[in-house]
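Using the numbering used here, read the sequence shown as starting at 29 and increasing by one per residue. Even glycine gets a Cβ: it sits at the ideal position worked out from N, Cα and C. These notes are about the structure you will find just below.
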Amino acid sequence: MDKPDYFFLSAKEEAAMKVLWASEKALSATQIAEKIPNRSWSASSIQNILRSLEKKNAIRVESIAKIGKSYGRFFVPTISANEYATMQFSRYYQDSKKDCFSMINSLLGNTNTKKEEAVEVLQALLKEYETDKKSDQN
29 MDKPDYFFLS
39 AKEEAAMKVL
49 WASEKALSAT
59 QIAEKIPNRS
69 WSASSIQNIL
79 RSLEKKNAIR
89 VESIAKIGKS
99 YGRFFVPTIS
109 ANEYATMQFS
119 RYYQDSKKDC
129 FSMINSLLGN
139 TNTKKEEAVE
149 VLQALLKEYE
159 TDKKSDQN
């Protein structure tokens with residue numbers, strides 16, 4: 029499946045997506061609503077939220093199964109949390125080297141990671157990138 033075009037998640041949509049991202053299995057609307065912490069809106073609102081997420085191609089129906097006396101849809105995300113974050117970053121950081129360095133610096137500056145740990149992680153990422161790049165060329 030192709031990745032969805034750029035979209036932005038509202039606070040309620042993001043709350044639903046966080047539940048789906050944390051789950052290893054498809055969830056029903058009721059299960060999603062029940063797992064949203066500190067939810068201040070009615071559980072019935074989840075249907076509108078899920079419809080909106082489907083229109084954005086952020087989720088898809090994995091299956092339809094019997095729940096009690098009726099049938100319900102079970103949803104899975106079509107995009108990971110990391111892919112969504114990258115989508116948001118790409119809106120502000122275009123593909124120039126300057127923007128890339130600025131983004132990495134911002135990310136590292138907003139963590140509690142020690143410089144040595146950050147360097148190790150970046151080196152591991154570079155090694156993985158180089159390995160992937162070589163396998164793509166073959």
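Rounded to the nearest angstrom, the gap between the Cα atoms of LYS161 and ALA152 is 14 Å. A residue is called buried once 16 or more other Cβ atoms fall within 10 Å of its Cβ, and LEU81 is buried on that count. Following the DSSP letters along the chain, one finds LYS97 in no alpha helix (DSSP H), marked with neither H nor E. Excluding its 5 nearest sequence neighbours in each direction, TYR99 has C-beta neighbours in its own chain below 8 Å: ILE92, ALA93, listed in chain order.
Between the alpha carbons of ILE107 and ALA86 lies a distance of about 6 Å. The three-state reading of DSSP puts ARG119 in helix, counting H, G and I together. Measuring C-alpha to C-alpha distances from LEU78 to each of SER134, ASN140, SER38 identifies SER38 as the nearest. When ALA50, ALA54, ALA43 are compared, the shortest CA-CA separation from TRP69 is found for ALA43. DSSP places ILE87 within a strand segment (E or B) once states are collapsed to three. Membership of LEU150 in the alpha helix (DSSP H) is indicated by the continuous run 143-165. The secondary-structure analysis by DSSP pairs SER56 across a beta bridge with PHE102.
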